[in-house]
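Worksheet: the structure to be examined is printed underneath.
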Amino acid sequence: MNIKRKKGWEIPESQATPETVFRNRRRFLTAGAAGALALGGGAYLAIGQGGDAVAQAQPDPSAGLYPAPRSMRYRLDREVTEEKVSTTYNNFYEFGTSKNIWQAAQKLPIRPWQVKIDGLVAKEMVVDIDDLLKKVQLEERLYRHRCVEAWSMAVPWTGFPMKALVDIAQPTSAAKYVRMETFNRPDVASGMKASFYSWPYIEGLTMAEATNELTLMVTGIYGKPLPKQMGAPIRLVTPWKYGFKCIKSIVRVTFTDERPRSFWEVSQGSEYGFWANVNPRVSHPRWSQASEEIIGTGGKRVPTQLYNGYGDFVASMYTDLEKSGERLWM
Amino acid sequence: MPFRPYPLIDRAGRFAPLKAAVFVLLFVPGLWTAYDFAMGNLGPRPHDEATHEVGIWTLRFIFLSLAVTPLRELLQWSKLLAVRRMVGVAAFVYAFAHLMLYFVHQAFDVVKVASEIVLRIYLTIGFVALLGLAALAATSTDAMIRRLGAKRWRRLHQAVYVIGLLAVIHFFMQSKLNVYEPTIMAGLFVWLMLYRAVVAASAAARKAPLLVASGLAIVSAALTVLGEAIYFKLMMNVPMARVLAANLVFDIDLDPRPGWIVLAISLAVVIVAALRQLVLRRRPQLQTA
Chain H
51 MNIKRKKGWE
61 IPESQATPET
71 VFRNRRRFLT
81 AGAAGALALG
91 GGAYLAIGQG
101 GDAVAQAQPD
111 PSAGLYPAPR
121 SMRYRLDREV
131 TEEKVSTTYN
141 NFYEFGTSKN
151 IWQAAQKLPI
161 RPWQVKIDGL
171 VAKEMVVDID
181 DLLKKVQLEE
191 RLYRHRCVEA
201 WSMAVPWTGF
211 PMKALVDIAQ
221 PTSAAKYVRM
231 ETFNRPDVAS
241 GMKASFYSWP
251 YIEGLTMAEA
261 TNELTLMVTG
271 IYGKPLPKQM
281 GAPIRLVTPW
291 KYGFKCIKSI
301 VRVTFTDERP
311 RSFWEVSQGS
321 EYGFWANVNP
331 RVSHPRWSQA
341 SEEIIGTGGK
351 RVPTQLYNGY
361 GDFVASMYTD
371 LEKSGERLWM
Chain E
10 MPFRPYPLID
20 RAGRFAPLKA
30 AVFVLLFVPG
40 LWTAYDFAMG
50 NLGPRPHDEA
60 THEVGIWTLR
70 FIFLSLAVTP
80 LRELLQWSKL
90 LAVRRMVGVA
100 AFVYAFAHLM
110 LYFVHQAFDV
120 VKVASEIVLR
130 IYLTIGFVAL
140 LGLAALAATS
150 TDAMIRRLGA
160 KRWRRLHQAV
170 YVIGLLAVIH
180 FFMQSKLNVY
190 EPTIMAGLFV
200 WLMLYRAVVA
210 ASAAARKAPL
220 LVASGLAIVS
230 AALTVLGEAI
240 YFKLMMNVPM
250 ARVLAANLVF
260 DIDLDPRPGW
270 IVLAISLAVV
280 IVAALRQLVL
290 RRRPQLQTA
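Next up, the structure:
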């Protein structure tokens, strides 16, 4: 395997990678080789388990980019969640309010896919996802993911730092926030026909948060392109915040001086705010956030950590804000 | 005293098919959930799913027990009364299982469960409803009716109206954005309560129960539509007109709005009742059965 190893690589991969994932990667490589042979090109047919068999009925033009080398800077304290668990338990209200939407999500066409970059930028642009992927360096990172509903998982995302996207966009110095927007397609996403929710899904970050090294634009998972139910072809991941911040299937990135009002803030502002940083000591109005259930483990609960355990990377962004009385924890 | 299988026999000691059938059916949702749990069919958070499943069935059983009296009148089916206490006891058993599953889900952390019940108002409400159900279940035997006297017993058991209300509120408050099913339950609750109130208040209404029930079905559906719009306005600041308009959008991808479901269920009951009255009129001997 041709894996670029970053500095700080000191332990053998078998120690860092749970065995199941390690084996999955093997299987993936075999499948990839077979697919490449069959197509006679660089593309391959992902022969995935569980949810993504349908998703990948069409060869994904970016499939050749995976698996990307794993960054060893971000370590887990727990097993990676099984693929068939994490890809079949998804909050994606565009396709319905249950967590069992992975099949419904397969209706979403993800090629061609363009992302509009506008607002306070040097030059507005519309960038094709595959062109964007050529401009950035993909890497794999193991992150914990903490849902506001007190469950969590740990997954190997593949993506690129959002800072790279900010560099491409070249925002002006007036930009204070990044506002992101999901597709608006009630014709394929039947959940969006529920007319009294505030579609499309909106999320936002401060410029400091957007350029934090943890903030990842994710395009893949488990060494493969992202399945549709997880927000293909491009989504946000901010592992120190509750999961609803991680907006899926982004079509627009706007730099602005106005704090964006997110889907959940508009829908239920008393429970879900702009910051949504993980804090075990600050309860959700209806439940404790002190512990979390790790999905797919038969109900195992572990204590939740401040900033989901990523305080070393992000806490400094909030020291002043805390004094100003911002609701940092919801 | 010899062993007597009370759930299966009537007062005269004869086998009672209705009681026996209901007795068996009451186990089905619980066993079904247990089976799904054992087979791993409940997804990656099985305790959570099972807790919700059993909780929803608790509410359904409370509703069925509340529906017995109106249904008995509407359907002219006096034997129905014989299963009311059984359904009520089942509601308690499911509610208790619901709490136990929450215990399991919280990894048997007694302190946490207790503090959550105190801290989260919707859990407090649910817990009070459970205590109420426990009191009613404990006094559900013939011996307890004799001991309390029929009048006091009836007054005590009227607490089920309040318990039903608390249970619906608990269901609403635990919901995230989606209050579809609680809204339907609230609408049906309104229908049952209005029917009882109207029939109790008016002798004329007692003479035309089907007319009253169908009129109130429309009223309850309208209240459901209005209540849903008010809920979305208060909770999410959604313009009422938009929620009201959603009732007029018919799309195969969308579930019918709660108002329509309430109307369909309540009118279905009325239609079944009307058909049964027709049959009874033609075959009067059934009336004594």
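In the order they appear, the protein sequences are chains H and E. Taking the numbering used here, I'd label the letters of the first sequence as residues 51 to 380. Taking the numbering used here, I'd label the letters of the second sequence as residues 10 to 298. Backbone N, C-alpha and C define an ideal beta-carbon position, used for all residues, glycine too.
- At least 8 Å separates the CB of R194/H from every CB of chain E.
- Under the three-state reduction of DSSP, N141/H is assigned to coil, being neither helix nor strand.
- Rounded to whole angstroms, the separation of the alpha carbons of T304/H and P310/H is 10 Å.
- For G97/E, no Cβ of chain H is located within less than 8 Å of the residue's own Cβ.
- Collapsing the DSSP output to three states places W66/E in a helix.
- Interface flag for K121/E against chain H is set, since a Cβ pair is found closer than 8 Å.
- Assignment of I345/H by DSSP, reduced to helix, strand and coil, places it in the coil class.
- Under the DSSP assignment, V228/H falls in the beta strand (DSSP E) whose first and last residues are 227 to 232.
- Taking 8 Å as the threshold, the shortest C-beta distance from K243/H to chain E falls below it.
- Taking the CA atoms as reference points, L128/E sits about 9 Å from W337/H.
- According to the DSSP assignment, W379/H belongs to no beta strand (DSSP E), since it is labelled neither H nor E.
- Residue-level contact check: F117/E does not touch chain H, since none of the beta carbons of chain H fall below 8 Å from its beta carbon.
- Interface residue (Cβ-Cβ distance to chain E less than 8 Å): T137/H is not classified as such.
- Under the three-state reduction of DSSP, L126/H is assigned to coil, being neither helix nor strand.
- In the three-state DSSP reduction, P218/E falls in the helix class (H, G or I).
- Shown in chain order are the members of the segment 312 to 325 of chain H whose Cβ falls below 7 Å from a Cβ of chain E: S317, Q318.
- Contact check for T265/H against M212/H passes: the beta carbons are separated by less than 8 Å.
- With respect to chain H, the C-beta atom of F241/E has a partner C-beta closer than 8 Å.
- Legend: CB atoms of the segment 32 to 60 of chain E lying less than 8 Å from CB atoms of chain H belong to residues G52, P53, R54, P55, H56, D57.
- Look at P55/E here: in three-state DSSP terms it is helix.
- Chain E places no beta carbon closer than 8 Å to that of W379/H, leaving this residue out of the contacts.
- In the assembly as shown, K88/E is an exposed residue. Its beta-carbon has fewer than 16 other beta-carbons within 10 Å.
- Separation of L182/H and S112/H (C-alpha to C-alpha, rounded to the nearest whole angstrom) is 11 Å.
- W200/E has its alpha-carbon roughly 6 Å from the corresponding atom of A226/E.
- At a cut-off of 8 Å between C-beta atoms, N187/E counts as an interface residue with respect to chain H.
- For F46/E, the enclosing alpha helix (DSSP H) starts and ends at 26 to 48.
- For P211/H, the enclosing beta strand (DSSP E) covers residues 201 to 211.
- Shown here, T78/E sits in a helix according to DSSP, grouped into three states.
- According to the DSSP assignment, P265/E belongs to no beta strand (DSSP E), since it is labelled neither H nor E.
- For the pair of segments examined, the segment 147 to 163 of chain E was found not to touch the segment 211 to 225 of chain E: the number of CB pairs separated by less than 8 Å stays below three.
- DSSP, read as helix, strand or coil, puts Y116/H in coil.
- The three-state secondary structure of R351/H, taken from DSSP, is strand.
- Rounded to whole angstroms, the separation of the alpha carbons of I280/E and H114/E is 43 Å.
- Here S299/H is near T232/H, since their CB atoms are less than 8 Å apart.
- By the Cβ-count criterion, V33/E is exposed, with fewer than 16 other Cβ atoms from all chains shown falling within 10 Å of its own Cβ.
- Per DSSP, the beta bridge partners of N327/H are K291/H.
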